[in-house]
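Protein chains in written order, with my numbering: chain A, 1 to 230; chain B, 1001 to 1077.
First comes the structure, then the notes that go with it.
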Amino acid sequence: MKVAVLQFPGSNCDWDAEHAVRDVLGISAHRVWHKDSLPGETEAVIVPGGFSFGDYLRCGAIARFSPITNDLKKFAENGGQVLGICNGFQILCEAGLLPGALIRNECMEFRCLNQSLKVEQSNERFNPTTLGATLSLPIAHGEGNYRVKDSILTEIEDHGLVFLRYLENPNGSMNDIAGLRNREGNVYGMMPHPERAVESYHPSLDGLSVLKAFFAPLLSSRAVELSSKG
Amino acid sequence: MVFVSPKSTVLDPQGAAVEQAMKSLGHSSVKGVRVGKTITFEIGDEDTPQARSKIGELCDGLLCNPVIEDYRYEIIE
Chain A
1 MKVAVLQFPG SNCDWDAEHA VRDVLGISAH RVWHKDSLPG ETEAVIVPGG
51 FSFGDYLRCG AIARFSPITN DLKKFAENGG QVLGICNGFQ ILCEAGLLPG
101 ALIRNECMEF RCLNQSLKVE QSNERFNPTT LGATLSLPIA HGEGNYRVKD
151 SILTEIEDHG LVFLRYLENP NGSMNDIAGL RNREGNVYGM MPHPERAVES
201 YHPSLDGLSV LKAFFAPLLS SRAVELSSKG
Chain B
1001 MVFVSPKSTV LDPQGAAVEQ AMKSLGHSSV KGVRVGKTIT FEIGDEDTPQ
1051 ARSKIGELCD GLLCNPVIED YRYEIIE
């Protein structure tokens, strides 16, 4: 086991995430049910998109109380690599692994489209040199409007924690934030779906570079020959 | 009975949409609409400081996200 893709009741991007990691990137990946423990050999975790627990109460609010979320917190606190996508981003915020919260889109509509994104100079893995200046990735959410108090927003910007911004803001998100990491650089959350942009029949292949950047620590330690795709 | 509402400093798209609809209904003076939620439950206790601290724990720990929401509650015996 290398990559664990968490599965909550209502997750619906879990198979896609597993496919992208295992079949496209060639990294061993397995889905792990939310009531099970995180396997000891886990080297990275993806919290996939969907509607965990039906989005009841608030998006991601109930998933925070699943047994696996405790394991996830410990894993992250020990420096483990974590990527939350869409609902996974909402769960990471609810669990306190990333600051802020994602509320209803300002336009009140569910937005489902290929979104243009600007890559920010965030760290050695996520920057315009490794990812390209702009990306096109699918988004599909009703609650992607990132909110946080001003003092924390200033801190986020001062430390370059935003790694992706919307080029035409689809949801009212503060500072056009589409993807955010923690200061330690091991927890990443993003509303766009990289796992839906990895095959030639997908609207773009830009998800590959995002996933490769995320898995860079795993890949470099093993000299895995990456597919030339993308 | 717990009332959870979006923080006054946080934008409330739902409230804005409802406000627009109220205006469409002809009530042009309406403003400041906020949409929250009400959560009712039984706690099996009288109105004691212990019961209140239990409710506070439930609100802070689950029912309300302090980043975006405020809450207040009423105990109905």
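Idealized CB from N, CA, C, for every residue including glycine.
If you drop the 5 nearest sequence neighbours on each side, which residues of the same chain put their C-beta closer than 6 Å to that of residue i?
i	result
Gln90/A	Cys59, Gly60, Leu102
Could you give the distance in angstroms between the alpha-carbon of residue i and the alpha-carbon of residue j?
i	j	result
Asp23/A	His202/A	15 Å
Ser1029/B	Gln1014/B	18 Å
Val47/A	Gly1026/B	46 Å
Gly144/A	Cys86/A	8 Å
Gly142/A	Asn78/A	32 Å
Phe51/A	Gly132/A	30 Å
Arg1034/B	Glu18/A	40 Å
Ile1039/B	Leu218/A	45 Å
Leu1062/B	Gly1056/B	10 Å
Gly1032/B	Gly49/A	33 Å
Gln1050/B	Leu92/A	31 Å
Ser228/A	Val3/A	Residue placement at Ser228/A is flagged as unreliable, the pLDDT there being 45, under the threshold of 50; the coordinate-derived value follows with that caveat. Using only the alpha carbons, I get a separation of about 21 Å.
Pro1066/B	Leu1058/B	12 Å
Tyr1071/B	Pro99/A	20 Å
Ser28/A	Gln1020/B	51 Å
Leu226/A	Glu199/A	Unreliable positioning characterises Leu226/A in this predicted model, as indicated by a pLDDT of 49, which lies under 50. The coordinate reading is nonetheless provided below. Whole-angstrom Cα-Cα distance: 14 Å.
Using a Cβ-Cβ cut-off of 8 Å (strictly less than) and excluding sequence neighbours within five positions of residue i, which residues of its own chain qualify?
i	result
Gly80/A	Thr42, Glu43, Ala44, Val45, Asn186
Gly172/A	Asn105, Glu106, Cys107, Asn145
Leu72/A	Leu6, Leu38, Val45, Val47, Val82, Ala95, Leu97
Leu137/A	Asn114, Gln115, Leu117, Pro192, His193, Pro194, Arg196, Ala197, Ser204, Asp206, Gly207, Val210
Pro170/A	Asn105, Cys107, Arg111, Leu113, Gln115, Ile139, Gly144
Rounded to the nearest angstrom, how far is the Cβ of residue i from that of residue j, given a contact under 8 Å?
i	j	result
Arg147/A	Ile1068/B	6 Å
Phe163/A	Phe126/A	4 Å
Ser1008/B	Gly1036/B	The pair is not a contact, with the Cβ atoms about 11 Å apart (cut-off 8 Å).
Glu1077/B	Glu1046/B	7 Å
Ile68/A	Val32/A	7 Å
What are the boundary residues of the alpha helix (DSSP H) that residue i is part of?
i	result
Asp150/A	150-158
Ser1024/B	1013-1024
Ala63/A	Neither: Ala63/A is in no alpha helix (DSSP H) and is coded neither H nor E.
Ser136/A	Where Ser136/A is concerned, there is no enclosing alpha helix (DSSP H), although the beta strand (DSSP E) it sits in stretches over 134-141.
Lys1054/B	1049-1058
Thr129/A	128-131
Ignore the nearest five residues each way along the sequence and tell me which others in residue i's own chain have a CB closer than 7 Å to its CB.
i	result
Met174/A	Tyr146, Arg147, Val148, Leu153
Starting from residue i, trace the beta strand (DSSP E) both ways and give me its first and last residue.
i	result
Glu1069/B	1069-1073
Asn145/A	145-147
Gln7/A	3-7
Asn114/A	111-119
Phe163/A	162-166
Phe1003/B	1002-1006
Leu97/A	Segment: none, Leu97/A is in no beta strand (DSSP E) and carries neither H nor E.
Every unbroken beta strand (DSSP E) inside the segment 16-91 of chain A [3 residues or more]: 29-33, 44-47, 81-85
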